[in-house]
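S.K.: Following our numbering, the numbering of the sequence shown begins with 78 at its first residue and continues without gaps.
For glycine and all other residues, C-beta sits at the position ideal for the given N, C-alpha and C.
After the structure tokens below, expect a handful of questions from me.
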Amino acid sequence: MTEPRLPRPNPQVLFTELDDGTGVLLHLDTKFYFTLNAAAVIVWKSLAEPIAEPGVIAERITSLFRVDRETAARDVDSVLREMLEDGLVLPA
């Protein structure tokens, strides 16, 4: 069974990664900005990869942080859902 396709970054959103591994998104249309923790930065950067899937992103988070696979998968789903609700990403 294949995993669902990931949404794609909204071209009206700019991303900047900060020195501490966190990041900031600026939505040019709404003028709102959003801060990302290090795990959310991994999610955002993974959206640019054509073969990325939610499970692959969760594995990356698991390997970098002290979190189990199930928690990482829930976090990836939550971050993607929030980004979609805020217009930061567009549906697949």
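1. What runs of the beta strand (DSSP E), each 3 residues or longer, lie entirely inside the region 136-167?
2. With H, G and I counted as helix, E and B as strand and the rest as coil, what does DSSP make of residue 132?
3. Can you tell me the Cα-Cα spacing of residue 100 and residue 169, whole angstroms?
4. Taking the beta carbon of residue 88 as the centre, do at least 16 other beta carbons fall within 10 Å, making it buried, or is it exposed?
5. Report the residue from 121, 93 and 128 whose alpha carbon sits nearest the alpha carbon of residue 159.
M.R.: The relevant details are as follows:
1. Unbroken beta strand (DSSP E) stretches of 3 residues or longer found wholly inside the region 136-167: none.
2. Residue numbering aside, residue 132 sits at position 55 when the sequence shown is read from its first letter. In the displayed model, residue 132 falls within a helix according to three-state DSSP.
3. Reading the sequence shown from its first residue, position 23 is the one you call residue 100. Reading the sequence shown from its first residue, position 92 is the one you call residue 169. Put simply, the backbone Cα of residue 100 is about 23 Å away from that of residue 169.
4. Taking the sequence shown and counting its residues from 1, the one referred to as residue 88 is at position 11. Classification for residue 88: exposed.
5. Here the question's residue 159 lines up with position 82 in the sequence shown. Ranking 121, 93 and 128 by Cα distance to residue 159 puts 121 first.
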